[in-house]
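Asker: Numbering (my numbering), first residue to last: 8 to 290.
This is the structure I have questions about; it appears just below.
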């Protein structure tokens, strides 16, 4: 693959907003790999049952690692809570009460944490862009920041290099070493890096676009959640967005089609479509 045929290069004119994968939460397991196309298969016999266990709760499972480390740490971020294990036996994966964590409970052996961590997708078996662009970025940041790990497929490799920031659940794209470091630095101060923001993963694609539109219009950088609710009809896509200080905005969305390009490297071309912001009004 050349840079000119990389799906992330062919998609560079497409907006980041609304491209984050939708997940209620994330279960990140430290594992040295190697990672195949379905990375969690590396977990062996427990893999399929774990995927089913988490899928039923709307939670996505990723594997993560750092060079020359072979730990068994784990992170579960769901709802407004994240817990961390220093050493989680794979046999215990299926016994984690996902709903209890969503409600604020801390499982035995885990600790509650708000420490920001950045997981950069490098899974080349899933898409070549993640390896070609994501791995150099991950290697650069992991040299001097313990809160950065490389991980298996997040989703949206056409936005590579792409990364997941926990516990907030924001997904970022087209990162550079400088912007990725800024993502973490701002997170440690309780803020989001809006220029690289693909969306908050607990929101659907149109909700992500509405959320980002209001953050941009009102200059809101806080990681605090905005309330996003549908205000539209079958013929009109509108969302009401309420900020932490109780200001309310109505966002009207449209749809736009782009030029044909592959969804993933090596795949057949398709016609992409994305949400656009037509109006943002204070109400």
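Built from N, CA and C at the ideal position, the CB exists for glycine as well.
Predicted, not measured: the structure shown is a model, and the values here were computed from it.
Going by beta-carbon coordinates alone, are residue 101 and residue 85 separated by less than 8 Å?
Answerer: With contacts defined by Cβ atoms closer than 8 Å, residue 101 and residue 85 do not form a contacting pair.
Asker: Out of 218, 176 and 162, which one is the CA nearest neighbour of residue 123?
Answerer: 176
Asker: Taking residue 208 as the reference, which of 251, 115, 168 and 162 has the closest Cα?
Answerer: 162
Asker: In whole angstroms, give me the CA-to-CA distance for residue 76 and residue 245.
Answerer: Their Cα atoms are separated by approximately 47 Å.
Asker: Taking only three categories from DSSP, how would you classify residue 177?
Answerer: Residue state, collapsed to three classes: strand.
Asker: On the criterion of 16 or more Cβ atoms from any shown chain inside 10 Å, does residue 129 qualify as buried, or is it exposed?
Answerer: buried
Asker: Along the beta strand (DSSP E) that carries residue 207, what are the first and last residues, could you check?
Answerer: 204–207
Asker: What residue ranges within the region 19–61 form continuous beta strand (DSSP E) runs of no fewer than 3 residues, ordered along the chain?
Answerer: 32–37
Asker: Using the beta-carbon count (16 or more within 10 Å), is residue 25 buried or exposed?
Answerer: buried
Asker: Going by C-alpha to C-alpha distance, which of 167, 261 and 193 sits closest to residue 242?
Answerer: Nearest in C-alpha terms to residue 242, of all of 167, 261 and 193, is 261.
Asker: Under DSSP, the beta strand (DSSP E) around residue 275 begins and ends at which residues?
Answerer: No beta strand (DSSP E) contains residue 275, which DSSP labels as neither H nor E.
Asker: Would DSSP call residue 191 helix, strand or coil?
Answerer: helix
Asker: If you follow the alpha helix (DSSP H) that residue 115 is part of, which residue opens it and which one closes it?
Answerer: Note, residue 115: premise wrong, no alpha helix (DSSP H); not H, not E.
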